[in-house]
């Protein structure tokens, strides 16, 4: 049964991928939630972690992006219950799916529902954001998008207040395999001047056969269209500048040119996977900003220009290894 579930889920990256896994494996989903006024910003990260010896636990990590605090709640692995054939899982009294979540954790409780979900489009031979790399059997870390942008309804009760999230916006993605890349930059915002606009960019060092390469997955959802720049769709990373106060990127393909400058804010530490177990550390900000410009290569026309608020940014590892050569 595990092998059947594993094959079926391969074509639906949002679903649980770890059927039959017993060691050196993690899988986690990232739910970003902001209220309408952007005065409350949360990330909820449920998942499962297994070390080299088969020791395992389930977890729900909570990031309060405004207060810049995080908590890591552990559960017995037996309480991690994914559903075959769809993205839905429970961890004890907590429930997560593409259409909402229910939380019952120390310090935060409540339920949220999601609608108008925007998935990353895929085809059977190129499912999800990983494209053909979905079928590579030796990836260090796989990545998936559940929703680039969606509407949020509901409320959350914290120790300090009742946070009304109705009218807010959300974003959901996931990672799975055994470790985060040795070096990477990840940037995301779906809070621009108008709604229904979302952007994400990730650049990472990818182990491959006897060496490694810099891979990237970048997309702008605008005017009901995805403008994508990826390692596998004839795009290139033209420029990458990283310093303590900002990140600059430029992507290019035969159709479009995209230029990004992101301004970093003070981050909060989070646990991250190393050989399956959550023993590493990364730093994430949910209060950064970015400027974005997208142009048509054929005529130079400016397709989109805007500033993204409440941008999430993670910068990890020896990022000099990511630079274009």
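Residue numbers (the numbering used here): 23 to 347. Beta carbons are placed, not taken as given, at the ideal position from N, Cα and C, and that holds for glycine.
Asked	Found
Inter-residue Cα distance where the pair is residue 48 and residue 197	8 Å
Sufficient close CB pairs (3 or more, under 8 Å) joining the stretch 224–241 to the stretch 326–335	no
Pair within 8 Å by beta-carbon distance, residue 238 and residue 253	yes
Check: residue 220 C-beta below 7 Å from any heavy atom of the ligand FAD	Questions concerning the ligand FAD fall outside what the structure shown contains, since it holds no ligand whatsoever.
Cβ-Cβ separation, residue 114 to residue 101 (assumed contact under 8 Å), whole Å	5 Å
Of the residues 316, 295, 266 and 278, the one placed nearest residue 341, counting alpha carbons only	266
One or two residues paired with residue 139 in a DSSP bridge	Its beta-bridge partners do not exist; DSSP assigns none.
Residue of 279, 32, 130 and 71 minimising C-alpha distance to residue 318	279
Where residue 147 falls, given that 16 or more other Cβ within 10 Å makes a residue buried	Any answer about residue 147 is weak, because its pLDDT of 49 lies below 50 and its placement is not dependable; what the coordinates show is given next. Counting Cβ neighbours within 10 Å, residue 147 comes out exposed, since fewer than 16 surround it.
Three-pair Cβ contact test at 8 Å for the stretch 54–66 versus the stretch 81–88	yes
Proximal residues to residue 72 (C-beta, below 6 Å), its chain only, five neighbours per side dropped	45, 47, 78 and 298
Alpha carbon of residue 106 to alpha carbon of residue 70, nearest angstrom	16 Å
8 Å Cβ cutoff, residue 125 in contact with chain D	Absent here is chain D; the protein component of the structure consists of one chain.
For residue 271, the nearest candidate out of 164, 52, 81 and 240 (CA to CA)	240
Three-state secondary structure assigned by DSSP to residue 183	coil
Chain-order list of residues whose beta-carbon lies under 6 Å from that of residue 138 (same chain, five-residue window excluded)	172 and 173
Simplified DSSP state of residue 267, which is helix, strand or coil	coil
Nearest-angstrom beta carbon gap, residue 25 and residue 42 [assumed within contact, 8 Å]	7 Å
Neighbourhood of residue 233 by C-beta, 7 Å cutoff - its chain only, sequence neighbours within 5 removed	none
Where residue 248 sits in the DSSP three-state scheme	strand
Cross-strand partners of residue 291 (DSSP beta bridge)	305
Enclosing beta strand (DSSP E) for residue 332 [first to last residue]	324–338
For residue 178 and residue 186, the rounded distance between their alpha carbons	7 Å
Straight-line Cα distance separating residue 276 from residue 324	15 Å
Sheet register partners of residue 240 (DSSP bridge)	223 and 251
3 or more residues per run - each beta strand (DSSP E) lying fully within the stretch 63–140	63–72, 78–86, 91–97, 102–104, 110–113, 116–119, 122–127 and 130–137
With 16 other Cβ atoms within 10 Å as the buried cut-off, status of residue 93	exposed
Residue range of the unbroken alpha helix (DSSP H) whose run includes residue 28	24–32
Cβ distance (whole Å) where residue 303 is taken to contact residue 291 below 8 Å	5 Å
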